[in-house]
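Have a look at the structure below, then the notes.
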Amino acid sequence: MAVAFRGRYDRVAIIFHWVIAALVLVNLAIGLFHQSLFDGMSLMPFHKSNGILILGLSIARLGWRLSHRPPSLPAGSPRWERALARSVHWLFYALLILLPLSGWIFSSNPARPRPIDWFGLFELPVLPVGEALAGAAHGGHELMGLAMAGLVALHVAAALRHHFVVRDRTLARMLP
Ligand code: HEM
Ligand code: HEM
Numbered sequence: 037m038a039v040a041f042r043g044r045y046d047r048v049a050i051i052f053h054w055v056i057a058a059l060v061l062v063n064l065a066i067g068l069f070h071q072s073l074f075d076g077m078s079l080m081p082f083h084k085s086n087g088i089l090i091l092g093l094s095i096a097r098l099g100w101r102l103s104h105r106p107p108s109l110p111a112g113s114p115r116w117e118r119a120l121a122r123s124v125h126w127l128f129y130a131l132l133i134l135l136p137l138s139g140w141i142f143s144s145n146p147a148r149p150r151p152i153d154w155f156g157l158f159e160l161p162v163l164p165v166g167e168a169l170a171g172a173a174h175g176g177h178e179l180m181g182l183a184m185a186g187l188v189a190l191h192v193a194a195a196l197r198h199h200f201v202v203r204d205r206t207l208a209r210m211l212p
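So for the sequence shown, our numbering puts the first residue at 37; every next one is plus one.
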C-alpha cells in the first residue's frame, strides 16, 4: 500500500539521527557485553567518554528538533500506530539525556568517585550528589539501558516493516 507523505527530514536532523544511533549502539554493546564478551571493565573509560558525547549531541539535537518541525507521520497508518511512534520518539529523547546523566551521577558517588577523563583530553567535574542519589542512579542506569535496548529493537523492526512490508517512504526520508 502506497502512503502519501509530506516532506522528509532535513539534513541536520538526518546527520544527528545516524551519528547518535551509531554511538548509542556502540555504548549498548559495551554496556551489555563488557563482562561476558570484552575484557571486564577495560572499555569503561571509552563507554563513559562516548556517553558524555551522546549527552552533548542529544541536547543539541533536542534544541534542533524543538525549533524544526519534522515531516508528518504517514497519514494512512492507524491512530494507535502514530501514537506509538510519537511516544517511542519522545522516550528516546528522554533516554538520550537521562541515561548518560545517570552514568555521570553514579560515577560521582562521594563514597568512591571515578571522575570522567573525556577521551584523555580533560577531566569532567564530579557532580555534587549524595550517596543515596548516586546509588539510585546506578540502578536507574541499568534499567534505562535495558529499556533503550528494547526500544531500539522495536524501532528498527518498525522501520524495516515500513520499508519492506508496508513499502512506504518512512525509512527513505530518514536516509541521506
Ligand atoms: C547513551 C549513553 C549510554 C548508554 C546507552 C549506556 C548503556 C549502558 C548499559 C546497557 C550498561 C549495562 C547495564 C547492566 O549492567 O545491565 C551500562 C553500564 C555502565 N555504564 Fe553506561 N551507558 C551510557 C552512558 C554512560 C555514561 C555517560 C557513563 C559514565 C559517565 C556510564 C557508565 C557506566 C558504567 C560504569 C557501567 C557499568 C556498571 C556496572 O557494571 O556496575 N554509562 N551502560
Ligand atoms: C540505535 C539508536 C537509535 C535511536 C536512539 C533512534 C532515535 C530516533 C528518534 C528520536 C527519531 C525521531 C526523530 C524525530 O522525529 O524527532 C527517529 C526516527 C527514525 N529512525 Fe531512528 N533511532 C535509532 C536507530 C535507528 C535505526 C537503526 C533505524 C533504521 C533501521 C532507524 C530508523 C528511523 C526512521 C526511519 C525514523 C523516521 C521515523 C518517522 O518518519 O516517523 N533508527 N529515530
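We put the beta carbon where it would ideally sit given N, CA and C, even for glycine. Model, not experiment: these values are computed from the prediction.
What residue does the alpha helix (DSSP H) around residue i start on, and which one ends it?
i: Ile133; result: Arg115 to Ser143
i: Phe82; result: Met80 to Ser103
i: Met180; result: Glu167 to Arg197
i: Phe52; result: Arg47 to Phe69
Looking only at its chain, what residues have a beta carbon closer than 8 Å to the beta carbon of residue i, apart from the 5 residues adjacent to it on each side?
i: Leu93; result: Phe52, Val55, Ile56 and Leu59
i: Val48; result: Trp100 and His104
i: Ile95; result: Ile133
i: Arg209; result: Phe41, Gly43, Arg44, Tyr45 and Pro107
i: Ile50; result: Met210, Leu211 and Pro212
Count the other CB atoms within 10 Å of the CB of residue i; is the residue buried (16 or more) or exposed (fewer)?
i: Ala97; result: In the sequence as presented, Ala is not what sits at residue 97; that position holds Arg. Buried.
i: Ser143; result: buried
i: Ala22; result: The structure shown does not extend to residue 22, since the chain spans only 37 to 212, so no value can be given for it.
i: Ala173; result: buried
i: Met77; result: exposed
i: Leu190; result: exposed
i: Phe128; result: buried
i: Trp126; result: exposed
i: Met37; result: For Met37, the predicted model reports a pLDDT of 36, less than 50, meaning its position is unreliable; a value from the coordinates is still stated below. Per the 10 Å Cβ criterion, exposed.
i: Phe200; result: exposed
If I measure Cβ to Cβ from residue i and keep anything under 7 Å in the same chain, skipping five residues before and after, which residues do I get?
i: Gly176; result: Ser138
i: Pro81; result: Asp153
Which whole-angstrom value describes the C-beta separation of residue i and residue j, a residue pair presumed to lie in contact below a C-beta threshold of 8 Å?
i: Pro107; j: Arg148; result: That belief does not hold up - the Cβ atoms of Pro107 and Arg148 are roughly 47 Å apart, past 8 Å.
i: Ile88; j: Asn63; result: Ile88 to Asn63, Cβ: 11 Å. No contact.
i: Met184; j: Leu131; result: 5 Å
i: Leu224; j: Ala193; result: In this structure the chain extends from 37 to 212, so residue 224 is not present and cannot be described.
i: Gly67; j: Gly186; result: Going by Cβ atoms, the distance from Gly67 to Gly186 rounds to 14 Å, so no, they are not a contact pair.
i: Glu167; j: Pro146; result: 6 Å
i: Leu163; j: Trp140; result: 6 Å
i: Ser85; j: Phe155; result: 5 Å
Once the 5 residues before and after residue i are set aside, which same chain residues still bring their CB inside 6 Å of it?
i: Asp153; result: Glu159
i: Val202; result: none
i: His70; result: Leu79
i: Val188; result: none
i: Pro27; result: Residue 27 lies beyond the stretch modelled for the chain, which goes from 37 to 212, so this question has no answer here.
For residue i, is the beta carbon positioned less than 8 Å from some heavy atom of ligand 4?
i: Glu117; result: Absence of ligand 4 is noted for the structure shown, with ligand 1 and ligand 2 being the only ligands found.
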